[in-house]
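Quick notes on the structure that follows.
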Amino acid sequence: MTRLLTALADVAECEAETLMPGFTHLQSAQPTTFGHHLLAWSEMLLRDKRRLQDCRKRVNSMPLGAAALAGTSYPIDRHYAAELLGFESIAENSLDAVSDRDFAIEFTAAAAILMMHLSRFS
Numbered sequence: 002m003t004r005l006l007t008a009l010a011d012v013a014e015c016e017a018e019t020l021m022p023g024f025t026h027l028q029s030a031q032p033t034t035f036g037h038h039l040l041a042w043s044e045m046l047l048r049d050k051r052r053l054q055d056c057r058k059r060v061n062s063m064p065l066g067a068a069a070l071a072g073t074s075y076p077i078d079r080h081y082a083a084e085l086l087g088f089e090s091i092a093e094n095s096l097d098a099v100s101d102r103d104f105a106i107e108f109t110a111a112a113a114i115l116m117m118h119l120s121r122f123s
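If you use our numbering, the sequence shown corresponds to residues 2 to 123, in order.
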């Protein structure tokens with residue numbers, strides 16, 4: 002996504018003076034530039050990138066050691082395991098770690114918004 006944002010910014014800069022009609026409801030409305038049009042896509046995708054980065058902060062929590070709901074009796078160092086596995090944090094509450102699915106819904110929503118924006122390229 003970073004490369005796409007960079008490419009959009011580069012082309013938008015080159016096309017900053019290229020006039021084109023702006024449309025609303027399939028009707029010609031106001032003149033604009035192709036660069037301005039490209040930067041609109043860039044803004045959408047930048048929000049999507051930030052949304053996914055924000056989502057990752059909450060999703061990147063290790064549930065290992067939560068067991069079925071009340072935690073494990075095995076003497077594991079959860080912080081060390083999280084570090085080895087590349088997680089940013091550990092799940093603090095074992096019941097929440099195994100019973101909630103908000104992380105899946107949050108990611109799916111962010112991905113759906115991204116795909117809606119990408120569909121505008123067609």
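Backbone N, C-alpha and C define an ideal beta-carbon position, used for all residues, glycine too.
L65 and L115 have their alpha carbons spaced roughly 30 Å apart. Between F88 and M117, the CB-CB gap reaches or exceeds 8 Å.
Within the DSSP secondary-structure output, I91 pairs in a beta bridge with M63. For T3, the enclosing alpha helix (DSSP H) stretches over residues T3 to C15.
In the pairwise beta carbon analysis, the stretch 12 to 22 is classified as not touching the stretch 92 to 104: fewer than three pairs are separated by under 8 Å. If you check the CB distance, A111 and L53 come in under 8 Å.
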